[in-house]
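Enquirer: Before we start, here is the structure in question, set down as structure tokens.
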Ligand SMILES: [Zn+2]
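Residue numbers (the numbering used here): 6 to 90.
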């Protein structure tokens, strides 16, 4: 992100430009935010489904019927197991 007044590069979350002191206002785009959240959620579902299918041999239909919290918990267990020496 860059300052609209002087063009200096800004740190993420900066409240003011360090070069010229111009105040910054955050712009929130609810549609873009929602789309990004949905994209991340769908990406997560594919990753979770892959991990559980390959880790436990479960079918996709069975995996997708699990509540998300349980899918994530099982995925964490698989990741923990795989990270053991
Ligand atoms: Zn500036």
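Each residue gets a CB set at the ideal place from its N, CA and C atoms; glycine is no exception.
Assuming residue 42 and residue 76 are in contact, meaning their beta carbons sit under 8 Å apart, how far apart are those beta carbons, in whole angstroms?
Expert: Counted from its first residue, the chain shown places residue 42 at position 37. Counted from its first residue, the chain shown places residue 76 at position 71. Not confirmed; about 17 Å, so no contact.
Enquirer: Out of 60, 74, 71, which one is the CA nearest neighbour of residue 86?
Expert: Along the chain shown, read from residue 1 onward, the residue named residue 86 stands at position 81. Of the listed residues, the one whose Cα sits closest to residue 86 is 60.
Enquirer: For residue 22, which residues of its own chain have a beta-carbon under 7 Å away from its beta-carbon, when the five flanking residues on both sides are left out?
Expert: As a position in the chain shown, residue 22 is number 17, starting the count at 1. These residues qualify, in order along the chain: 8, 10, 11, 13, 15, 29.
Enquirer: Hey, does residue 51 have any beta-carbon neighbour from chain C nearer than 8 Å?
Expert: Checking the listed chains, one finds no chain C in this structure; it contains a single protein chain.
Enquirer: I believe residue 25 touches residue 56 by the beta-carbon criterion, under 8 Å. Please report the beta-carbon distance rounded to the nearest angstrom.
Expert: One-based indexing of the chain shown puts residue 25 at position 20. One-based indexing of the chain shown puts residue 56 at position 51. At roughly 48 Å, the Cβ-Cβ gap does not stay under 8 Å, so residue 25 and residue 56 are not in contact.
Enquirer: Tell me where the alpha helix (DSSP H) around residue 85 begins and ends.
Expert: Start at 1 with the first residue of the chain shown, and residue 85 comes out as number 80. Counting along the chain, the alpha helix (DSSP H) containing residue 85 begins and ends at 73 to 87.
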